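Here the sequence shown is numbered in the working numbering, starting from 45 and rising by one per residue.
Written out below as structure tokens is the structure these notes cover.
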Amino acid sequence: MADIWHEITSTVASEFSDVTDVGQATRIVVRLTMAGVLGGLLGWEREHAGKAAGVRTHMLVSMGAALFVLVAQQAGIEPADNSRVLQGIIAGVGFLGAGTILKGDAESQVKGLTTAAGIWLTAAIG
């Protein structure tokens, strides 16, 4: 049993060996937590307004966007190349937001536009 735990701990340690110090790990956790909290606040407002995308959706979008950027930074991508990651996030979340927009029969019946904008903003927060 001790051999199994030793193998597990050594595997986990090797997976996180690129996180060089406690300060860096703390920054990662704080960034993800703040993204979740701020996204949750936006989602809470939308949920109380009775909209489809609520707390969970907004938290997932903001934390997902933050995680994509953090993974790219931890992988050693050059800051100039980080713009490609951002472009992918913006385009992907744009498609997600477009799925929330519904157009009715009349020209003036458009629903979900504010929710789509909120999801897009939530990704920017992340």
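The beta carbon of each residue, even a glycine, is placed where N, CA and C say it ideally should be.
Computed from a predicted structure; not experimentally measured.
Mind checking residue i: buried by the 16 CB within 10 Å criterion, or exposed?
| i | result |
| --- | --- |
| V137 | buried |
| G94 | exposed |
| T159 | buried |
| M103 | buried |
| I48 | exposed |
| R90 | buried |
| G83 | buried |
| G134 | With the sequence shown as reference, residue 134 is identified as Ile, and Gly is not the correct amino acid for it. I134 should be labelled exposed. |
| A97 | buried |
Skipping 5 residues on each side, what residues in its chain have a beta carbon closer than 6 Å to that of residue i?
| i | result |
| --- | --- |
| G141 | A160, I163, W164 |
| V99 | G84, G87, W88, E91 |
Excluding the five sequence neighbours on either side, which residues of its own chain have a C-beta within less than 7 Å of the C-beta of residue i, listed in chain order?
| i | result |
| --- | --- |
| L157 | I145 |
Within a Cβ cutoff of 8 Å, which residues of the same chain sit near residue i, ignoring the five residues on either side of it in sequence?
| i | result |
| --- | --- |
| S61 | none |
| R75 | A110, L114 |
I need the DSSP call for residue i, collapsed to helix, strand or coil.
| i | result |
| --- | --- |
| R84 | The question names Arg, but residue 84 in the sequence shown is Gly. G84: helix per DSSP, three-state reduction. |
| G162 | helix |
| M45 | coil |
| A93 | coil |
| S58 | helix |
Decide if the region 119-127 is in contact with the region 102-111; the criterion is three or more beta carbon pairs, one per stretch, under 8 Å apart.
-> no
Give a yes or no on contact between the region 71-81 and the region 145-156, applying the rule of three or more CB pairs nearer than 8 Å.
-> no
Beta strand (DSSP E) segments (min. 3 residues) lying fully within the region 102-154 | none
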